[in-house]
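*Asks:* In UniProt numbering, the protein residues as written are 1 to 377.
Don't be surprised by glycine CBs; every beta carbon is placed ideally from N, CA and C.
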Ligand code: SF4
């Protein structure tokens, strides 16, 4: 590990190291640049929309020794980013000490960017010792007020939780975001667009700006795990919500549109106009080409199983006990599902759809046979 000591460029709308665009456009192929590690299945919340909700447990298993995991990461010469997810990664101090801190230390020594996904509801002291080594602190924000948080975050909780307890967690999350942002931490708050959140997305954007967050990520509600039965926006409603947000956004707050369900090969003029608006007309607005299924793998630190994304229905592709991650990635590139969705249109800066988005909104499209109808200057 001592062999590495690298400098990193700042994360900005012009440089998002998770974006699958860079490697695909520069190297002409996908490389494994990103690994996500599921470090716990514990969580103090049970959000109704949780995309890994069915995997949450009351007690974690025994993780694979961290040195073994770091050796597997060390084999990936092209690695640029590590994401740490759960569950709630910070809930167990043991997970923080024995898994998260060594991962952050390792990433720092290699100049690798790091993201941690946290609900930020724990006392600030639980973050303070190590948070400066994180490049992106990713939180969820889908609420107008504590009542929404109570309903959404405890919708699937089996134990009784009072409104007062939920309210104090909600207030703490906002306060933590404010304090950490003020201290210079890059807090990126993510909202999903659904029939419930879409009418309030501008209000949420405003609150996220007031909390001092550097970025507002917006993506569709993924119909996975707990969220499987929840209703989704139509494409028309989704488009209107994005346009409404762009019309009323705070110009200094970076908006990152993740897994955007619109493409430059659409036959609808409004999709092409929206694509151009995002990529050409707006500043501080980006549409990320999805790392899931392109340049990232997810590793479960308890089982060693490797999947292409931590939610979705693609079966396990390998296991770090017997496979290197680059071998698993090559296996994924040869997979029929990857073949089906790995289209690419250089002139429109598009690398095709997220798999869940394609299956949900475009089940009849043959993406490989389509072509962008616009060129970005
Ligand atoms: S064919 Fe694929 S890469 Fe080309 S515009 Fe459509 S979705 Fe994007």
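For the alpha helix (DSSP H) holding residue 168, just list the boundary residues, first then last.
*Replies:* Per DSSP, residue 168 belongs to the alpha helix (DSSP H) from 163–182.
*Asks:* Give the single residue among 274, 294, 293 and 291 whose Cα lies nearest to the Cα of residue 378.
*Replies:* Since the displayed the chain opens at 1 and closes at 377, residue 378 lies outside it and no answer follows.
*Asks:* For residue 109, which three-state DSSP category applies?
*Replies:* Correct three-state label for residue 109: helix.
*Asks:* Provide the residue(s) that pair with residue 35 in DSSP beta bridges, ordered along the chain.
*Replies:* DSSP, once it has assigned bridges, lists 82 and 297 as partnering residue 35.
*Asks:* To the nearest angstrom, report how far apart residue 200 and residue 355 are at their CA atoms.
*Replies:* Between residue 200 and residue 355, the C-alpha separation is close to 27 Å.
*Asks:* Taking residue 154 and residue 46 to be in contact with their CB atoms under 8 Å, please state how far apart those CB atoms are, rounded to whole angstroms.
*Replies:* Their Cβ separation, rounded to whole angstroms, is 6 Å, which keeps residue 154 and residue 46 in contact under 8 Å.
*Asks:* Helix, strand or coil: how does DSSP classify residue 19 here?
*Replies:* Looking at residue 19 - three-state DSSP - the assignment turns out to be coil, as it is neither helix nor strand.
*Asks:* Reducing DSSP to helix, strand and coil, say where residue 351 ends up.
*Replies:* Coil at residue 351, not helix or strand.
*Asks:* Give the straight-line distance between the Cα atoms of residue 69 and residue 324, rounded to the nearest whole angstrom.
*Replies:* Whole-angstrom Cα-Cα distance: 10 Å.
*Asks:* Just to check, is the beta-carbon of residue 264 closer than 6 Å to a non-hydrogen atom of ligand 1?
*Replies:* For ligand 1, at least one heavy atom lies less than 6 Å from the Cβ of residue 264.
*Asks:* Which residues does DSSP pair with residue 248 in a beta bridge?
*Replies:* Answer is none; residue 248 lacks a bridge partner.
*Asks:* Per DSSP, which residues does residue 115 bridge with? Please list them.
*Replies:* Answer is 83 and 136, bridged to residue 115.
*Asks:* Apply the 10 Å Cβ neighbour rule to residue 371 and answer buried if 16 or more other Cβ atoms are within range, or exposed otherwise.
*Replies:* Exposed is the call here.
*Asks:* Any chance you could list the alpha helix (DSSP H) runs of at least 4 consecutive residues sitting entirely within the segment 251–285, in chain order?
*Replies:* Entirely contained in the segment 251–285, the alpha helix (DSSP H) runs reaching 4 residues are, in chain order, 269–276.
*Asks:* Are there any heavy atoms of ligand 1 lying less than 6 Å away from the beta-carbon of residue 367, as far as the coordinates show?
*Replies:* Yes.
*Asks:* Report the rounded CA-to-CA distance for residue 339 versus residue 333, giving the unit in angstroms.
*Replies:* Their backbone Cα atoms lie some 7 Å apart in a straight line.
*Asks:* Mind pulling the beta strand (DSSP E) runs of 3 or more residues that sit fully within the segment 192–248?
*Replies:* If we require 3 residues or more, the beta strand (DSSP E) runs fully inside the segment 192–248 come out as 215–220.
*Asks:* With DSSP collapsed to three states, give me the class of residue 67.
*Replies:* Here residue 67 sits in helix by DSSP.
*Asks:* Quick check on residue 58: does DSSP put it in helix, strand or coil?
*Replies:* Coil, per DSSP.
*Asks:* Would you say the segment 102–116 touches the segment 134–144, given that touching needs at least three Cβ pairs under 8 Å?
*Replies:* Contact between the segment 102–116 and the segment 134–144 is present, because at least three Cβ pairs lie under 8 Å.
*Asks:* Please tell me whether, using a cut-off of 6 Å, the distance from the CB of residue 389 to the nearest non-hydrogen atom of ligand 1 is below it.
*Replies:* Because the chain here runs from 1 to 377, residue 389 falls outside it and cannot be looked at.
*Asks:* State the Cα-Cα distance for the pair residue 182 and residue 126, rounded to the nearest angstrom.
*Replies:* Answer to the nearest angstrom: the Cα atoms are 17 Å apart.
*Asks:* Using a threshold of 7 Å, state whether the C-beta atoms of residue 347 and residue 375 are closer than that.
*Replies:* Going by C-beta atoms, residue 347 is nearer than 7 Å to residue 375.
*Asks:* Let me check one thing: in DSSP terms, what residues is residue 187 bridge-paired to?
*Replies:* Beta-bridge pairing links residue 187 to 137.
*Asks:* Let's test the definition: count the other Cβ atoms within 10 Å of the Cβ of residue 9 and tell me whether it reaches 16, buried, or not, exposed.
*Replies:* Residue 9 is exposed by the Cβ-count criterion.
*Asks:* Taking 6 Å as the line, does the beta carbon of residue 293 fall inside it for any heavy atom of ligand 1?
*Replies:* No - ligand 1 has no heavy atom lying nearer than 6 Å to the Cβ of residue 293.
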